[in-house]
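If you're matching positions, the sequence shown starts at 16 in our numbering and goes up one per residue.
Even glycine gets a Cβ: it sits at the ideal position worked out from N, Cα and C.
Accompanying notes for the structure given below.
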Amino acid sequence: MDLTAVETMREARSRADLALAPGEAFLAGGTWLYSEAQPDVTGLVDLSSLGWDELERTAAGDLRIGAMTAVAALEAYGRTEPFPASALLWQCADSLLASFKVRSAATVGGNIAKGYAAGSMIALAATLDGEAVVWRADGSDAWVPVAELPTGNGSSALGRGDVLREVAIPAACLAARTAHRRIALAEHGRSGALVTGRRDADGACVVVITAATLTPVVLRYGDVPTADVVAADALAAPGYYADPLGSKDWRRQVSAVLAAEVVEELR
Numbered sequence: 016m017d018l019t020a021v022e023t024m025r026e027a028r029s030r031a032d033l034a035l036a037p038g039e040a041f042l043a044g045g046t047w048l049y050s051e052a053q054p055d056v057t058g059l060v061d062l063s064s065l066g067w068d069e070l071e072r073t074a075a076g077d078l079r080i081g082a083m084t085a086v087a088a089l090e091a092y093g094r095t096e097p098f099p100a101s102a103l104l105w106q107c108a109d110s111l112l113a114s115f116k117v118r119s120a121a122t123v124g125g126n127i128a129k130g131y132a133a134g135s136m137i138a139l140a141a142t143l144d145g146e147a148v149v150w151r152a153d154g155s156d157a158w159v160p161v162a163e164l165p166t167g168n169g170s171s172a173l174g175r176g177d178v179l180r181e182v183a184i185p186a187a188c189l190a191a192r193t194a195h196r197r198i199a200l201a202e203h204g205r206s207g208a209l210v211t212g213r214r215d216a217d218g219a220c221v222v223v224i225t226a227a228t229l230t231p232v233v234l235r236y237g238d239v240p241t242a243d244v245v246a247a248d249a250l251a252a253p254g255y256y257a258d259p260l261g262s263k264d265w266r267r268q269v270s271a272v273l274a275a276e277v278v279e280e281l282r
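In structure tokens, the structure reads:
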């Protein structure tokens, strides 16, 4: 869709360039920004000139994912790297059910920053205890667990002028076993429930529910729970919602079923 109100566009080349003027908005991949009318946006600040497409392991073994990394690049990385949790990278990328063209433009940071319930990059980072490095508009920096960034379906804790710089995944989580389940009412529809899980080397287990709930539900256990226990916890979780792609009760019930499948796989 054309953004008919836009009159200016500038490239950001330093942190100082990220200060937004009235009417300006950040442009990352643009897949959401250009998907609907933006009558209040009169200027764009292009983030692509900053780079920020890192996909690299640190000396400690952590994974740095630059905010401007394309979802398609993360998917390819997950299919080629040999660490135990690598499959979850491409599985969550594939859960977007977008065309290759869209996944090649859409960014990891943009998917997280928008805070949508079905944002599968949120599911990925929440499952692997990812932390977002946020450059605040006031010049400060913050490390925020990605699971805590969404505040609703399409809203986040990022304030105006805040920028998600990168996501860091701990090495220990990359070495964990993972599992992934997804369901939608339509074969090629938006996720109605996305349930992901992780089992660490010490046996600790994490199960994450997204898409079915307004914000991520993170269930933590000292050991892999039984299917009955995790299903009960999923049924009792808050935040299930209804829209044309699924009723609240349907989302709750299928999340419980998928959570049980996830822990059985992790067991």
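Just so you know, the alpha carbons of residue 272 and residue 152 end up roughly 42 angstroms apart. The distance from the Cβ of residue 221 to that of residue 235 is about 5 angstroms, consistent with a contact at the 8 angstroms cut-off. Distance check between residue 71 and each of 250, 281 and 183 places 183 closest, using alpha-carbon atoms only. For the pair residue 56 and residue 82, the CB atoms are not nearer than the 8 angstroms cut-off. Inclusion of residue 113 and residue 121 in the CB contact set at 8 angstroms is warranted, their separation being smaller than that value.
Residue state for residue 267 is assigned as helix, using DSSP reduced to three classes.
In the assembly as shown, residue 238 is an exposed residue. Its beta-carbon has fewer than 16 other beta-carbons within 10 Å. When DSSP states are grouped into helix, strand and coil, residue 256 belongs to the coil group. The three-state secondary structure of residue 236, taken from DSSP, is strand. Taking 8 angstroms as the cut-off, the beta carbon of residue 166 is found closer than this to the beta carbon of residue 230. Between the stretch 153–164 and the stretch 184–201 there are fewer than three C-beta pairs closer than 8 angstroms, too few to call the two in contact.
When the Cα atoms are used, residue 35 and residue 79 turn out to be separated by approximately 26 angstroms. Per DSSP, the continuous alpha helix (DSSP H) segment holding residue 109 begins and ends at 101–109. DSSP links residue 198 through a beta bridge to 208.
By a beta-carbon distance limit of 8 angstroms, residue 138 contacts residue 107. Their separation comes to about 6 angstroms.
Contact annotation: residue 168 and residue 255 have beta-carbon atoms that are not nearer than 8 angstroms. According to the DSSP assignment, residue 78 belongs to the beta strand (DSSP E) that extends over 78–81. In the displayed model, residue 96 falls within coil according to three-state DSSP, outside both helix and strand. The alpha carbon of residue 179 has as its nearest neighbour, out of 125, 198, 42 and 95, the alpha carbon of 125.
Here the alpha carbon of residue 84 sits roughly 11 angstroms from the alpha carbon of residue 92. Using a 10 angstroms sphere on the CB of residue 17, the tally of other CB atoms stays under 16, which defines it as exposed.
In chain order, 254 and 255 place their CB closer than 6 angstroms to the CB of residue 228, counting only its own chain and leaving out the 5 sequence neighbours on each side. For residue 24, the closest alpha carbon among the candidates 274, 62 and 51 is that of 62. Straight-line spacing of the CA atoms in residue 247 and residue 196 works out to 17 angstroms.
The C-alpha of residue 48 lies about 10 angstroms from the C-alpha of residue 59. Of the candidates 128, 164, 174 and 260, 128 places its Cα closest to the Cα of residue 46.
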